[in-house]
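Chemist: Take a look at this one; I'll ask things after.
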Amino acid sequence: MEPILLAKCSPCHTRTDPAPASGFAITYESSQLASSSTQCAVEAGELPRTQGACTIIRIHDLDSATRMPRTRGCTGDPVEDADNARCLTAEEQKTLEDWILDGQLD
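Using the numbering used here, the first residue of the sequence shown is number 448, and each one after it goes up by one.
The following block contains the structure:
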C-alpha cells in the first residue's frame, strides 16, 4: 500500500508522524487511527472507521472539494481518470479496497 499512497497522496500526506496538517500520515500507525472525516461518519454506537478505511470513501466522494486526491482533477472513476497520472488506476483502487477488506495489515 505504501508505494501507492506515496505516489498518489504526497506531498499533502507524508510519512511524518504525528500526521501533517492534512491529518493523515502515510504510516501504518496513522492508518489505524479513527477517522474524523465527516464523509466517513458512522451511525451512533458503531465503531468509527479508521483513516485507512476512509481513504476509498474519500476517493469516491461526490463532492470535488473533499474528494481525494484533492486538487488533482480526479473523479474517482478510473475510466474517466485514465489520462490523469495523478489519479488512482482501477488496479490501485482494487489494491486499496483489498487492503481495507483484509484488515489493513501492515
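Every residue gets a Cβ at the ideal spot worked out from N, C-alpha and C, and that includes glycine.
Everything numeric in this text was worked out from a predicted model, so none of it was measured.
(1) Name the DSSP bridge partner or partners of T497?
(2) CB A537 to CB P525, shorter than 9 Å?
(3) Can you give me the C-alpha to C-alpha distance between P495 and D528, rounded to a whole angstrom?
(4) Where do the N-terminal and C-terminal ends of the alpha helix (DSSP H) with A537 fall, by residue?
(5) By DSSP, does A454 sit in helix, in strand, or in coil?
Modeler: Quick look at the numbers:
(1) Numbered from its first residue, the sequence shown carries residue 497 at position 50. Answer by DSSP bridge pairing, in chain order: A481.
(2) Within the sequence shown, residue 537 is the residue found at index 90, counting from 1. Within the sequence shown, residue 525 is the residue found at index 78, counting from 1. For A537 and P525, yes; Cβs fall inside 9 Å.
(3) By one-based count along the sequence shown, residue 495 stands at place 48. By one-based count along the sequence shown, residue 528 stands at place 81. Cα to Cα, the separation comes out at about 30 Å.
(4) One-based indexing of the sequence shown puts residue 537 at position 90. For A537, the enclosing alpha helix (DSSP H) has its first and last residue at A537 to L548.
(5) Locating residue 454 in the sequence shown gives position 7, counting from the first residue. Three-state DSSP puts A454 in a helix.
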